[in-house]
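Notes follow the structure.
Numbering (mature numbering (1 follows the signal peptide of the UniProt record, and there is no 0)), first residue to last: -33 to -1, 1 to 224.
If you want it as structure tokens, here you go:
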């Protein structure tokens, strides 16, 4: 008769193994804890990760194009997805906008605005000067650097061509080819050659008010009207006067007794 085998005593090692298996089975499977990755105006996550991400995922940030790191850098640049769907530590912007070089005021003008990325500068000319070019420049992105959207304008002196000549008249400094802004010319009438002078009708002075623009139309030199043929002395004499002249002539010739 074969003796029955005695059961082995339950060892502590077996108990530990069973406990570990039980704990592993009870642990939750990894899940996507964070549905969104934090977004910022001045910075973006490196590698462009896509949400959702699991707990423990680390998002490392860098500056967007057109921005630079704030120096000295004292803020964290990365944050970690937590099991409850939040991110820690919470981040603040670590970047600031780059600046285009200041263009300086144009000669005979001025510039106003900001040099920072995304901003614009507005150009103005002093009185008597005309702006040639774009009056607005924008600080734009070029690759990873920033630059102005165009060349700065210029302020050119406003000039006028000579005003119109008038019949029977003339204006001062008529020998000049150009006149400066606000320069004034004065018209006058020439001698009429008779007893009645010409009369100036209109503004006697004109001012250069813009590029080839004068403040008003030129005046005119007008003379007095001359008598018409219907107004001859023979027509204006009365009938009695004519009769007396005829009688006097006849008496002189002995035709009247």
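We treat Cβ as the ideally placed atom computed from N, Cα and C, and that holds for glycine. Please read all numbers here as calculations on a predicted model, not as lab measurements.
Contact between the stretch 88 to 104 and the stretch 38 to 53 is not established, with fewer than three Cβ pairs separated by less than 8 Å. Counting only runs that start and end inside the stretch 19 to 58, the beta strand (DSSP E) elements of at least 3 residues fall at 25 to 30, 34 to 36, 45 to 48. Ranked by Cα distance from residue 1, the options 52, 167, 35 are led by 52.
Sequence-distant Cβ neighbours of residue 165 in its own chain, meaning closer than 6 Å and more than five residues away, are 135, 156, 159, 188, 190.
Counting the other Cβ atoms within 10 Å of the Cβ of residue 120 gives 16 or more, which makes it buried. In this structure, DSSP gives residue 90 an extended state, which the three-state scheme calls strand. Around the CB of residue 65, 16 or more other CB atoms lie within 10 Å, so the residue is classed as buried. Per the Cβ contact rule, the stretch 102 to 111 is not in contact with the stretch 123 to 132 (fewer than 3 Cβ pairs under 8 Å). In the structure shown, residue 84 adopts coil according to DSSP, grouped into three states. Contact annotation: residue 145 and residue 128 have beta-carbon atoms nearer than 9 Å. In the structure shown, the three-state DSSP call for residue 124 is strand. When C-alpha distances from residue 56 are compared across 28, 168, 63, the shortest belongs to 28.
The distance from the Cβ of residue 106 to that of residue 84 is about 5 Å, consistent with a contact at the 8 Å cut-off. Non-local C-beta neighbours of residue 116 in its own chain, meaning closer than 6 Å and more than five positions away in sequence, comprise 104, 105, 107, ordered along the chain.
The Cβ-Cβ distance between residue 174 and residue 150 falls below 9 Å.
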